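Report on the structure given below.
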Amino acid sequence: MLFFQEDVIKTDDGCCETCRLPLTICGPKSTRSVIKYKGCEASSPVELTYCEGQCGSSSIYSYKANTMNHSCSCCKELRTTEKQVTLTCADGSTLDYSYIYIDECDCIGNECTPQSTSSPEQQKQQEQQQQQEEQQQQEEQQQQQQEQQEQQQQEEQQEQQQQQEQQQQEIQQ
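Take the sequence shown: its position 71, counting from 1, is numbered 71 in UniProt numbering, and each next residue is one higher.
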């Protein structure tokens, strides 16, 4: 990849240089590939297109709504056509195969869900509440473990008592 001088950035101490990657604009790109489907394949590679490139995004705080407004867009197909290719199967038969060819791409907006923004005080309260809930869960788990241990001990005692009773019965007989 070639870099222009304006893309070369020196560190603050002047020691090192790094290269800023040039932005790629959203647009159609292509690759060639042999299409294979249900044991049949094209006799030669076919041009397949896809969308690639950078699009903008932002997150801006709205003090009126006390939320973050998110704006994001993706490089997506804008205009497509359906193309066909004939595939040859192993038994010599042919199969007409349709695929989507991308003619044009653009940055298309995605819907983003708003998220409420908490003040530092609210965040602290939420953290404290979460800690309390976690502590309560731990206490409940400990109590369950203790109850299980007690139940296990009772079962062991009952088993020992039954064994002793059996031994006494055997001795008496």
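Glycine included, C-beta positions come from ideal geometry on N, C-alpha and C. Please read these numbers as outputs of a predicted model, since none were measured by experiment.
(request) At 3 residues or longer, and completely inside the segment 57 to 137: list those beta strand (DSSP E) runs for me, N to C. (result) 57 to 62, 67 to 89, 94 to 110
(request) Find the nearest neighbour of cysteine 72 within the set Thr81, Asp106, Val8, judged by alpha-carbon distance. (result) Asp106
(request) Use the C-beta contact count for threonine 88: other C-beta atoms within 10 angstroms, 16 or more gives buried, fewer gives exposed. (result) exposed
(request) Could you check the C-alpha separation between glutamine 123 and glutamine 130 for me, to the nearest Å? (result) 10 Å
(message) Could you check whether the segment 46 to 53 touches the segment 67 to 83, counting it as contact only if at least three pairs of C-beta atoms, one from each stretch, sit closer than 8 Å?
(response) yes
(request) Using 10 angstroms around the beta-carbon of cysteine 26, count the other beta-carbons present and answer buried if the total reaches 16, otherwise exposed. (result) buried
(request) Report yes if the C-beta distance between aspartate 103 and glutamine 84 is below 8 Å; otherwise report no. (result) no
(message) Using only the alpha-carbon positions, how far apart do glutamine 126 and glutamate 134 sit?
(response) 12 Å
(request) Put aspartate 9 into one of helix, strand or coil per three-state DSSP. (result) The sequence given here has isoleucine at residue 9, not aspartate. If DSSP states are grouped into helix, strand and coil, isoleucine 9 belongs with the strands.
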